[in-house]
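*Asks:* First, the structure itself, so that you have it in front of you.
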Amino acid sequence: MSVVITGATGHLGRLVVEDLLAGGLPADQITATGRDTAKLADLSAKGVSTARADFGDPASLKAAFEGADTVLLVSGSEVGQRVDQHRNAVEAAKDAGVGHIVYTSVLNAAETTLILAPEHKATEEIILGSGLTYTFLRNGWYSENYEQQLHQARETGTVLTSAGAGRVASASRSDYAAAAAAVLRDPAAHANAVHELSGDTAWDFGELAAAMGEALGRAVTVTNVTPEEHEAVLTGVGLDEGTARFVVGLDTGTREGELAATTGELSRLIGRPTTPLVETLRTLV
Ligand SMILES: NC(=O)c1ccc[n+]([C@@H]2O[C@H](COP(=O)([O-])OP(=O)(O)OC[C@H]3O[C@@H](n4cnc5c(N)ncnc54)[C@H](OP(=O)(O)O)[C@@H]3O)[C@@H](O)[C@H]2O)c1
Numbered sequence: 022m023s024v025v026i027t028g029a030t031g032h033l034g035r036l037v038v039e040d041l042l043a044g045g046l047p048a049d050q051i052t053a054t055g056r057d058t059a060k061l062a063d064l065s066a067k068g069v070s071t072a073r074a075d076f077g078d079p080a081s082l083k084a085a086f087e088g089a090d091t092v093l094l095v096s097g098s099e100v101g102q103r104v105d106q107h108r109n110a111v112e113a114a115k116d117a118g119v120g121h122i123v124y125t126s127v128l129n130a131a132e133t134t135l136i137l138a139p140e141h142k143a144t145e146e147i148i149l150g151s152g153l154t155y156t157f158l159r160n161g162w163y164s165e166n167y168e169q170q171l172h173q174a175r176e177t178g179t180v181l182t183s184a185g186a187g188r189v190a191s192a193s194r195s196d197y198a199a200a201a202a203a204v205l206r207d208p209a210a211h212a213n214a215v216h217e218l219s220g221d222t223a224w225d226f227g228e229l230a231a232a233m234g235e236a237l238g239r240a241v242t243v244t245n246v247t248p249e250e251h252e253a254v255l256t257g258v259g260l261d262e263g264t265a266r267f268v269v270g271l272d273t274g275t276r277e278g279e280l281a282a283t284t285g286e287l288s289r290l291i292g293r294p295t296t297p298l299v300e301t302l303r304t305l306v
């Protein structure tokens, strides 16, 4: 069995490689890829193969994927460019004779109104059109996404949101990585499967503030604002309009319940409960 992982220079991809190694998959069956292989030197020292794979460079993708049974395509981080980038990766996988592609998508990708979803939905369609065997890991929110707000809460004692009473079933990156590793260890068991992955518990922003308070050892409250007020605050502190609108858009999706589903699939896949929010926040203090 040989597995190639894209985005191994990033948080999630690295955790997947580490989980595979910890689970006993021989290092020489794993290829960790990224744009800058120098960032993978420690994995290389453990016997993991490394290769440069740039979503903008189809030849690098094909060379990195050659001989692999399974590719984990970790969605890229350059929002707005990802459909073309992911298409390059899927075509390269097909050209390289890869049997199975595993893609990190977004919760309820086909129907969600979440602002980030269209690129994931388009990627899933490209994969379906490729004829490759696939697994979609439709990841919900990372608890780590609130790191910046945690640091702001330490300074200000409050969390600013326009998500209202919206709930978020977040889990830690390592939970999602463990799920990806579980699929990569036994891809045939997940052939053409769609996994809707999220945390076991959906919390609201009052509970987020309480968890931050616990992690920080200080009182934290919520400041609820309208989307218009939220955007004005964000541009007021220097965010450009596009970024501010994007952040507010994420809160709109949250308010509308797009991140609230507790499917139980993540804990079933990893064979343990997902990591409680407060536990992840404590690691970020
Ligand atoms: N579910 C969630 O809550 C959530 C939150 C944030 C992001 N995400 C998605 O999940 C992915 C993984 O999360 P993460 O925390 O690991 O993100 P991350 O730490 O930012 O890692 C992103 C990875 O994508 C790679 N990448 C970006 N552009 C690339 C390109 N043009 N060619 C090749 N590789 C490229 C990066 O490589 P370099 O080291 O070369 O930059 C990096 O390895 C993100 O990329 C994003 O799509 C999900």
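Numbered per our numbering, the sequence shown spans residues 22 to 306. Backbone N, C-alpha and C define an ideal beta-carbon position, used for all residues, glycine too. Just so we're clear, the structure is a prediction, and the values are computed from it rather than from any experiment.
Run the proximity test for residue 163: is its beta-carbon closer than 7 Å to any non-hydrogen atom belonging to ligand 1?
*Replies:* Checking the Cβ of residue 163 against ligand 1 gives yes.
*Asks:* Using only CA atoms, which one of 160, 264, 230, 287 lies nearest to residue 186?
*Replies:* Residue 230 is the option with its Cα nearest to residue 186.
*Asks:* Residue 192 and residue 290 - do their beta-carbons sit closer together than 8 Å?
*Replies:* No, the Cβ-Cβ distance between residue 290 and residue 192 is not below 8 Å.
*Asks:* CB-CB under 6 Å to residue 121, same chain, minus the five flanking residues each way: which ones, in chain order?
*Replies:* The residues are 91, 154, 208.
*Asks:* Using 8 Å as the threshold, is the C-beta distance between residue 190 and residue 48 below it?
*Replies:* In this structure, residue 48 does not lie closer than 8 Å to residue 190 by Cβ.
*Asks:* Please list the segments of the beta strand (DSSP E) lying wholly inside the region 246-270, counting only runs of 3 or more residues, in order along the chain.
*Replies:* Fully enclosed beta strand (DSSP E) runs of 3 or longer: not present.
*Asks:* From the DSSP output, in three-state form, read off residue 273 for me.
*Replies:* It is helical.
*Asks:* Does the region 239-251 come close enough to the region 102-113 to have 3 or more Cβ pairs within less than 8 Å?
*Replies:* Touching, no, given that fewer than three Cβ pairs across the two stretches are closer than 8 Å.
*Asks:* Is there contact here, the region 166-173 with the region 199-206, by at least three beta-carbon pairs under 8 Å?
*Replies:* Contact between the region 166-173 and the region 199-206 is absent, because fewer than three Cβ pairs lie under 8 Å.
*Asks:* Counting pairs of Cβ atoms below 8 Å between the region 52-59 and the region 217-224, do you hit three or more?
*Replies:* No: the two stretches stay apart, fewer than three of their Cβ pairs being nearer than 8 Å.
*Asks:* In this structure, what does DSSP give as the bridge partners for residue 32?
*Replies:* According to DSSP, which records beta bridges pairwise, residue 32 is partnered with nothing at all.
*Asks:* Thinking C-beta only, is residue 226 closer than 8 Å to residue 184?
*Replies:* Contact: yes.
*Asks:* Evaluate residue 233 with the Cβ neighbour count: other Cβ atoms within 10 Å of its Cβ, from every protein chain shown; 16 or more gives buried, anything less gives exposed.
*Replies:* Label assigned to residue 233: buried.
*Asks:* Our contact map puts residue 117 next to residue 86 with C-beta atoms below 8 Å; I'd like the distance itself, whole angstroms only.
*Replies:* With a Cβ gap of about 4 Å, residue 117 and residue 86 count as contacting.
*Asks:* Would residue 124 and residue 149 be called neighbours here (beta carbons separated by less than 8 Å)?
*Replies:* Going by C-beta atoms, residue 124 is not nearer than 8 Å to residue 149.
*Asks:* Alpha carbon to alpha carbon, how far is residue 128 from residue 259? Give it in angstroms, no decimals.
*Replies:* Taking the straight line joining both Cα atoms gives about 31 Å.
*Asks:* Along the chain, which unbroken stretches of the alpha helix (DSSP H) at least 4 residues long are found entirely within the region 153-194?
*Replies:* Entirely contained in the region 153-194, the alpha helix (DSSP H) runs reaching 4 residues are, in chain order, 168-177.
*Asks:* Any heavy atom of ligand 1 inside 7 Å of the beta-carbon of residue 196?
*Replies:* No, the beta carbon of residue 196 sits no closer than 7 Å to any heavy atom of ligand 1.
*Asks:* Does the beta-carbon of residue 32, which I'm using as the reference point, lie nearer than 7 Å to any heavy atom of ligand 1?
*Replies:* Yes, since a heavy atom of ligand 1 falls inside the 7 Å radius drawn around the Cβ of residue 32.
*Asks:* Judging by CA-CA distance, which residue of 130, 242, 272, 28 is the nearest neighbour of residue 106?
*Replies:* When only C-alpha atoms are compared, the closest one is 28.
*Asks:* Going by Cα to Cα distance, which pick from 257, 30, 119 is closest to residue 151?
*Replies:* Of the listed residues, the one whose Cα sits closest to residue 151 is 119.
*Asks:* What three-state label does DSSP hand residue 296 in the structure shown?
*Replies:* Residue state, collapsed to three classes: coil.
*Asks:* Check residue 236 in the structure and name its three-state DSSP category.
*Replies:* Here residue 236 sits in helix by DSSP.
*Asks:* Residue 138: buried (16+ other C-beta within 10 angstroms of its C-beta) or exposed?
*Replies:* Counting Cβ neighbours within 10 Å, residue 138 comes out buried, since at least 16 surround it.
*Asks:* CB-CB under 8 Å to residue 206, same chain, minus the five flanking residues each way: which ones, in chain order?
*Replies:* Only 41, 44, 46 meet the Cβ criterion.
*Asks:* Could you check where the alpha helix (DSSP H) with residue 1 kicks off and where it finishes?
*Replies:* The structure shown does not extend to residue 1, since the chain spans only 22 to 306, so no value can be given for it.
*Asks:* Considering only the alpha carbon of each residue, which of 108, 257, 305, 197 lies closest to residue 292?
*Replies:* The candidate whose alpha carbon is nearest that of residue 292 is 197.
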